[in-house]
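All letters in the sequence shown, in the order written, are residues 162 to 390 by the working numbering. Glycine is no exception: its CB is placed at the ideal position from the N, C-alpha and C atoms. Here's the structure, in structure tokens; my notes come after.
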Amino acid sequence: MVWRTSLGERVLQSIEAEVYLTAVQHSVEYLQDSLDFDEVEIKTGDRIFDSASINQKTVLLHTCLSALLRSAIEAPPLTNVTEAAAYYPFAFLKLRVGDEIMMSQEEWSDEEDEAIKYFYRRLIWKAFEQYLLPAWQAGIEEFGPNEELDNFHDCSDDLDLWRTVIDELADRIFWDRDWQIKVRDFESPTDLDESLGLEEYFTDHIPLVSKKQVADAVAEIKNWQMIEN
């Protein structure tokens, strides 16, 4: 069974798959570069996933990437941990866009530097044009001009709007943000289950992973080849 998204049971295709793959590849590179640090900046909102080791996160990212891009791969059970892992690349994109905008006052000269300066914004923009812009334009036709959208482009410095775009792209995969629910806010597991019907969703367990599992996951993500499903 393929991944059960808010748009039905499907795998990601075309530009959506390209953006997600790039985000995962760069996320894993970022994680591997962070092995010598005590804390990783990116948080998903799920305490269990966020407290996992870098190697555990890497294997989980590979599991989600495989299920979201390969129709022959069975989707893992949807738990707070797997959905947080699937969301992690979107959280990574928010961080990187913020970094790009923060550095926007730096001096840039040649074309190569321009490509680096706007890399993540232009990557996200391709998906925005394909999947979100038509609905946004329809909203303008119905409700009137939107100055914020009129001034939005692939080099925009409007971080809040970029974060909205990234969240809406994530919403194409997720039904909701259940993994961000704080379980400790409920008096007992029974209260949580009865209130939300999530008795099989929340877990506090992440399996240990071997060095070979991590190496295989990193290598496959790095060398991933896009194929038509």
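Residue environment for W286: buried (at least 16 other C-beta atoms within 10 angstroms of its C-beta). Ranking K218, E329 and R324 by CA distance to the CA of Y249 puts K218 first.
With the rule of 3 Cβ pairs closer than 8 angstroms, the stretch 163 to 179 does not count as touching the stretch 199 to 216. Under the three-pair Cβ rule at 8 angstroms, the stretch 235 to 254 counts as touching the stretch 327 to 346.
About 5 angstroms separates the beta carbon of V185 from that of L226, a gap short enough to meet the 8 angstroms contact definition. For the pair V180 and S232, the CB atoms are not nearer than the 8 angstroms cut-off. Between the stretch 313 to 333 and the stretch 206 to 216, the count of Cβ pairs shorter than 8 angstroms is below three; the stretches do not touch. A straight-line Cα-Cα distance of about 8 angstroms links L293 and E329.
If you look at E244, you'll find it in the alpha helix (DSSP H) that goes N241 to M263.
Counting C-beta atoms within 10 angstroms of its own C-beta, D311 has fewer than 16 neighbours from the protein chains shown and is therefore classed as exposed. Just measuring C-alpha positions, the residue of H314, E261, R165 and F253 sitting nearest T240 is R165.
Every alpha helix (DSSP H) stretch that sits fully inside the stretch 280 to 342 and reaches 4 residues is listed by chain position as 280 to 288, 294 to 304, 308 to 311 and 320 to 332. Where H366 is concerned, there is no enclosing alpha helix (DSSP H), because DSSP gives it neither an H nor an E.
Around the Cβ of H314, a 10 Å sphere holds fewer than 16 other Cβ atoms; the residue is exposed. The residues P237, in chain order, have a CB closer than 6 angstroms to that of T224 in the same chain once the five nearest residues on each side in sequence are set aside.
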